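Structure first, commentary second.
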Amino acid sequence: MGEFFTLLKEGNKPSLLAAVVNTIIGVLKAGAFLLTGNVAMFAEMMHSFGDAANQFFVFIGSALSKKSPTDRFPNGFGRLVNLVCLGAVIIVGILAYETIKEGLHHILHPKASSGFLISLSVLGIAVVLELFVLFKAGKEVLHETGQDAKGIQVMAKSFGSLKRAKPATKLVFMEDLVATIGGILAMLAVVIAHFSGFVQIEGIVSIIIGLMMFYVVGKVFLENARGAIGETDEEMRQHIADILLANPAVTDIQRLNVIKEGELLHVEAEIEVDHKMTIAEADDLKDRLSLLIFAQKGVSNVVIEFDEIDQITHWIKQRPVE
Numbered sequence: 001m002g003e004f005f006t007l008l009k010e011g012n013k014p015s016l017l018a019a020v021v022n023t024i025i026g027v028l029k030a031g032a033f034l035l036t037g038n039v040a041m042f043a044e045m046m047h048s049f050g051d052a053a054n055q056f057f058v059f060i061g062s063a064l065s066k067k068s069p070t071d072r073f074p075n076g077f078g079r080l081v082n083l084v085c086l087g088a089v090i091i092v093g094i095l096a097y098e099t100i101k102e103g104l105h106h107i108l109h110p111k112a113s114s115g116f117l118i119s120l121s122v123l124g125i126a127v128v129l130e131l132f133v134l135f136k137a138g139k140e141v142l143h144e145t146g147q148d149a150k151g152i153q154v155m156a157k158s159f160g161s162l163k164r165a166k167p168a169t170k171l172v173f174m175e176d177l178v179a180t181i182g183g184i185l186a187m188l189a190v191v192i193a194h195f196s197g198f199v200q201i202e203g204i205v206s207i208i209i210g211l212m213m214f215y216v217v218g219k220v221f222l223e224n225a226r227g228a229i230g231e232t233d234e235e236m237r238q239h240i241a242d243i244l245l246a247n248p249a250v251t252d253i254q255r256l257n258v259i260k261e262g263e264l265l266h267v268e269a270e271i272e273v274d275h276k277m278t279i280a281e282a283d284d285l286k287d288r289l290s291l292l293i294f295a296q297k298g299v300s301n302v303v304i305e306f307d308e309i310d311q312i313t314h315w316i317k318q319r320p321v322e
């Protein structure tokens, strides 16, 4: 149990913050829905509770993925965060379905809701809190990708760097981006329904929010499915190839795999060296190269193998021959 709580300290902080904030927002929206019967509020309530559950799972998964390898699991637990994310999106998918179903029912059987000011106030508070979490997630994206920015530049830069962020951080960013947009749409729906009498707009917005939730489900599912299977990090692969070839003792690279293990990287390389190299020299070379590769961000495991020069160039134009 002590190890579990120690691992929790290493969990993804933005996902924990987002989970707590979305739980608070979900409770506020649930109260507002019970008081007003607003369908757009119902959709936002489902969205917030779905995000909160999702992000709690992701936090725990990201923490457990830091567990050290064991004899039974020698490759470690890096991919656990991908598996947790795959499970978490099922929850969001179910809530997205219920949101769309409720929106469709409201369009076919429209009913005016009450509590205009209550709905608007709760949604306004929710949007501000979601923006706060989104900003924090954006800063974490920049931190993980080695960038820095302040103010509005945080959001602008984080969009461009999102692809290289950790799975958990990426999930939080996407979910809170959709949640913020959904909150703004829900506020517009409440205003339009109140002043125009077009109450079906709340059902329409509910369906739009549900579809956005499904978009997150699809995006997160595909990315984490690739991570669970084992996806190559092409950018880091080329970077490590440059490190290897920068050593004059390395004449070529026969094989180089840089596999994402959740938030970590597993590196396997087979390099060519002079057949006259002694075992002691090869061992020293392996140690030096391993230290350089381990110094790269996210690398958790390095395996280097040697082969003699075969007069065939395997790494051509900065890419290995397939």
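Going by full-length UniProt numbering, the first residue of the sequence shown is number 1, and it counts up by one from there.
Virtual Cβ for every residue (Gly too), placed ideally from N, Cα, C.
Given the structure is predicted, the values throughout are model-derived calculations rather than measurements.
Within its own chain, the residues whose Cβ lies closer than 7 Å to the Cβ of PHE294, once the five positions on either side in sequence are excluded, are VAL302, listed in chain order. Bridge pairing for THR232: ILE259 [DSSP].
Rounded to whole angstroms, the gap between the alpha carbons of PHE57 and LEU291 is 34 Å. The closest CA to that of VAL299, considering only ASP310, ALA225, LEU117 and HIS266, is found on HIS266.
With 16 or more other CB atoms across the displayed protein chains lying within 10 angstroms of its CB, ILE208 is buried. In summary, ALA126 is buried, with 16 or more beta-carbon neighbours lying within 10 Å of its beta-carbon over all protein chains present.
In its chain, beyond the 5 residues on either side, ALA165, LYS166 and THR169 have a beta carbon closer than 7 Å to the beta carbon of GLU144. A residue is called buried once 16 or more other Cβ atoms fall within 10 Å of its Cβ, and ALA19 is buried on that count. Contact between MET213 and ALA96 holds: CB atoms are separated by about 4 Å, below the 8 Å threshold.
Across the structure, ILE107 and ILE204 are spaced so that their CA atoms are roughly 7 Å apart. The DSSP assignment places complete alpha helix (DSSP H) segments of no fewer than 4 residues inside the stretch 180–229 at 200–229, in order along the chain.
Within the same chain, GLY227, GLU231 and ASP233 come within 6 Å of LYS260 by CB-CB distance, once the 5 residues on both sides are set aside.
Within its own chain, no residue has a Cβ closer than 6 Å to the Cβ of MET277 once the five positions on either side in sequence are excluded. Under the DSSP definition of a beta bridge, PHE57 lacks any partner. For SER206 against GLY103, the beta-carbon gap comes to about 3 Å, under 8 Å, which counts as contact. Per DSSP, the continuous alpha helix (DSSP H) segment holding GLU98 begins and ends at 80–108.
When the five nearest sequence neighbours on each side are left out, the beta carbons in the same chain lying within less than 8 Å of the beta carbon of ALA137 are those of PRO14, ALA18, SER158, THR169, VAL172, PHE173 and ASP176, in order along the chain.
The beta carbon of SER65 is closer than 7 Å to those of PHE77, GLY78, LEU80, VAL81, GLY262 and GLU263 in its chain, skipping five residues each way along the sequence.
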